[in-house]
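Below is one structure, written out as structure tokens; the observations come after it.
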Amino acid sequence: MLIERRNLETELQNYRAKEKNENDFLAEVKAFLQQDDQTRDAIKDKIKGTSSTNQNNFNFDLLDTTKIYHVQQIKEICIDYRLRFLDSSFFKNDIPEEAISKIKYLEKDHNTNLNGFKIMAPSKLFQLKNYDDPLMFAPIGNDYYYLIHKWGNDINPFRKIAVRPFRDFSSLLVFLFAISALLAWVTPGNVFGEGNEDLFKVVCCLFIFKSLSAIALYFSFWKGKNFNTEIWNSTFYN
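Once you know that position 69 of the sequence shown is 66 in the working numbering, the rest is easy, because the numbers rise by one and skip nothing.
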């Protein structure tokens, strides 16, 4: 006599039916999903809400030490790439579900409620007060932060070069002087007739530098721009 082949899914259902009926099982699953939704909604509310928390009760034995950063290290990368490091309540884009899941598991593993979330991202991703690569952190304490989740695309490596002139005031002056020297060098020395070409280059460089500085100053006031060292943790647009 041939032995009938068994369907594993059917067998699994039979084992489940021995333990509890279908209605009880569905009710249990529904209750679990509702509780999970409530937990996730509570986490989202904490992220979008304001908090003065600067320390969370982590179990340090369970932390991944490669994800712990001091605020000075965060400040340096924000200055280099012209990023902001602000409370998550200012973040105007949606928080990915994967980040919510990581927070939920961290809270469960460490038996704690996390608060005081911070996000590192370009200014355009924040809803700032008017006067491409987000990272979410939670404070550990003593100016240390734990990296919870990173999403989006990697930052363009040329961004650091592009925003270098806006790092601080001295960087802007060096950039403007370099541009002035380059423009003076390519300007023909005999454009105004015969004369001392070296002296002409120097005078031309100083004139261009003065003009570019005035334009940069006017643009800064007009657009309300500030240097990277001043805005990295500022909640104001300018």
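Glycine included, C-beta positions come from ideal geometry on N, C-alpha and C.
#1: Is Y142 buried or exposed, if buried means 16 or more other CB atoms sit within 10 Å of its CB?
#2: Quick one: give me the first and last residue of the beta strand (DSSP E) that L132 is part of.
#3: How far does the beta strand (DSSP E) with K147 in it reach, from first residue to last?
#4: Spatial neighbours of F166 within its chain, please: CB distance less than 8 Å, with the 5 preceding and 5 following residues excluded, ordered by chain position.
#5: If you measure between the beta carbons of P162 and F174, is that distance less than 7 Å?
#6: What does the Cβ neighbour count give for P131, buried or exposed, with the cut at 16 atoms within 10 Å?
#7: Go ahead and label R79 buried or exposed: buried means 16 or more other beta carbons lie within 10 angstroms of its beta carbon, across all protein chains shown.
#8: Around the Cβ of F155, are there at least 16 other Cβ atoms within 10 angstroms (buried) or fewer (exposed)?
#9: When you compare only the Cα positions, how much space is there between T109 and D34?
#10: Could you tell me how far apart the beta carbons of A181 and M133 are, in whole angstroms, since I believe they sit closer than 8 Å?
#11: Where do the ends of the alpha helix (DSSP H) carrying L83 lie?
#12: Can you list, in chain order, the residues of its chain whose CB lies under 7 Å from that of F106, leaving out five sequence neighbours each side?
#13: Taking the alpha helix (DSSP H) that K64 belongs to, which residues open and close that run?
#14: With a threshold of 8 Å on Cβ separation, who are the neighbours of P93 within its own chain once the five nearest residues in sequence on each side are excluded?
#15: To the nearest angstrom, how far is the alpha carbon of N127 from that of V68?
#16: Are the Cβ atoms of I116 and S85 separated by less than 7 Å?
#17: Assuming I158 is part of the alpha helix (DSSP H), what are its boundary residues?
#18: Quick one: Cα of K99 to Cα of Y66, how far?
#19: Considering only DSSP beta bridges, list what F123 is partnered with.
#20: Over the uninterrupted beta strand (DSSP E) stretch that includes K115, give me the two end residues.
To lay it out plainly:
#1: buried
#2: 132 to 138
#3: 141 to 147
#4: F224
#5: no
#6: buried
#7: buried
#8: exposed
#9: 18 Å
#10: That pair is no contact at about 47 Å.
#11: Segment 81 to 84 is the beta strand (DSSP E) holding L83; no alpha helix (DSSP H) there.
#12: A small fix is needed here, since residue 106 is Asp in this sequence, not Phe. Hits under 7 Å: L59.
#13: Counting along the chain, K64 falls outside any alpha helix (DSSP H), and DSSP gives it neither H nor E.
#14: H146, W148
#15: Bear in mind that the predicted position of N127 carries a pLDDT of just 47, short of 50, making it too unreliable to give a figure here.
#16: yes
#17: 156 to 159
#18: 18 Å
#19: F88
#20: 115 to 118
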